[in-house]
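Peer 1:
Residue numbers (the UniProt record's numbering): 1 to 327.
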């Protein structure tokens, strides 16, 4: 959490020189080309025609890289600064193809559409960073090239993909909703629900005092909510990543973190210890299954896998809190 908040070793996009912006564009195009090539290789056996589309897209990104290198040679010479996405605070990230396997048309289509949208936003912002006319024109042309890509669904020949403008707008709206609210809110709910288990139940079993346990839970939940909210808002301004307003994301993350912790802290307002503990344990069970459901509903995580990961992790933290409280 602290590393995200302070973003050690990363620079603001606004601090880059024109040469560094070009270098970042070159490395980004190179990485995108390799990702598309990997997608093509992963689809080739089952979807040879779709694999050809991604081969062409990889070649297109390679051509973009070539044009950017030529511009760098004209303006700054042969030595290109070594700068990658991971060096820039708030810059969008790419998942390597081995993290998203097994590959399927729906999955790679969604990721490719996101890649094109992010690249378009990057070139718009990059064009604002240069005063050289030829460089600005090149970056603007590349932005239009990314925006002008014909619908990936049509290029892959997927018949069930909605083509109506209204359906496309609803799709974009849902994707933005997930990026701005669901992802940070889910991260907050997971952090609040799981990370506060140990201190709350440790305090409960150590003191056998419901009021003191409630105060521990309240402070842990509110503190975690403030920390997660500021962390989410500070580490990414949303300009390049397209994740939306940092204020909205911070509020979603902070509020859900606090709710996740308060869920099993509030039962300790019940004066009788074992009744309060039983209710708190039941709330924890509901929270963990709710997290698994959200992961399955919005993040396309298989439900059984999500449930296993969340419930197992929560159970381990819960057991740690009980063990420490009884020590």
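Backbone N, C-alpha and C define an ideal beta-carbon position, used for all residues, glycine too.
#1: Any heavy atom of the ligand SAM closer than 8 Å to the Cβ of residue 128?
#2: Out of curiosity, what's the CA-to-CA distance linking residue 308 and residue 52?
#3: To the nearest angstrom, report how far apart residue 42 and residue 112 are at their CA atoms.
#4: My output table needs one value for residue 88: the three-state DSSP class, helix, strand or coil.
#5: Just the C-alpha distance for residue 286 and residue 276, rounded to the nearest angstrom, thanks.
#6: So within the stretch 184–245, which uninterrupted alpha helix (DSSP H) runs reach at least 4 residues, ignoring any that extend past its ends?
#7: Cutting at 6 Å between CB atoms, please list the residues of its own chain near residue 40, excluding the five before and the five after it.
#8: Comparing C-alpha positions only, which one of 82, 142, 197 and 185 sits nearest to residue 220?
#9: Say whether the stretch 255–265 touches the stretch 297–311, bearing in mind that this needs 3 or more beta-carbon pairs closer than 8 Å, one atom from each stretch.
#10: Within 10 angstroms of its Cβ, does residue 317 collect 16 or more other Cβ (buried), or is it exposed?
#11: Return yes when the Cβ of residue 205 is within less than 9 Å of the Cβ of residue 322, no when it is not.
#12: Within the same chain, show all residues whose beta-carbon is closer than 6 Å to that of residue 17, passing over the 5 residues directly before and after it, in chain order.
#13: Measure from the alpha carbon of residue 278 to the alpha carbon of each residue in 60, 115, 130 and 201, then state which is nearest.
#14: So residue 384 and residue 232 are supposed to be a Cβ contact under 8 Å. How far apart are they, rounded?
#15: Opposite residue 11 in the DSSP bridges: which residues?
#16: Taking one C-beta from the stretch 238–258 and one from the stretch 178–194 each time, how about it: are there three or more such pairs within less than 8 Å?
#17: By DSSP, does residue 300 sit in helix, in strand, or in coil?
#18: List in chain order: all unbroken alpha helix (DSSP H) runs of 4+ residues lying wholly within the stretch 45–91.
#19: Whose C-beta lies closer than 8 Å to the C-beta of residue 272 among residues of the same chain, with five residues either side of it excluded?
#20: Distance check for residue 128 and residue 62, CA to CA, integer angstroms please.
#21: Is it buried or exposed, residue 12, if we count other Cβ atoms within 10 angstroms and call 16 or more buried?
#22: Nearest by alpha-carbon distance to residue 20: which of 33, 77 and 46 is it?
#23: Give the secondary structure of residue 17 by DSSP, where H, G and I count as helix, E and B as strand, and everything else as coil.
Peer 2: Taking the geometry as given:
#1: Among the components of this structure there are no ligands whatsoever, and the ligand SAM is therefore not found.
#2: 38 Å
#3: 14 Å
#4: strand
#5: 15 Å
#6: 197–207 and 210–235
#7: 51, 54 and 55
#8: 197
#9: no
#10: buried
#11: yes
#12: none
#13: 201
#14: There is no way to answer for residue 384, as the model of the chain reaches only from 1 to 327.
#15: 88
#16: yes
#17: coil
#18: 48–76
#19: 210
#20: 23 Å
#21: exposed
#22: 77
#23: coil
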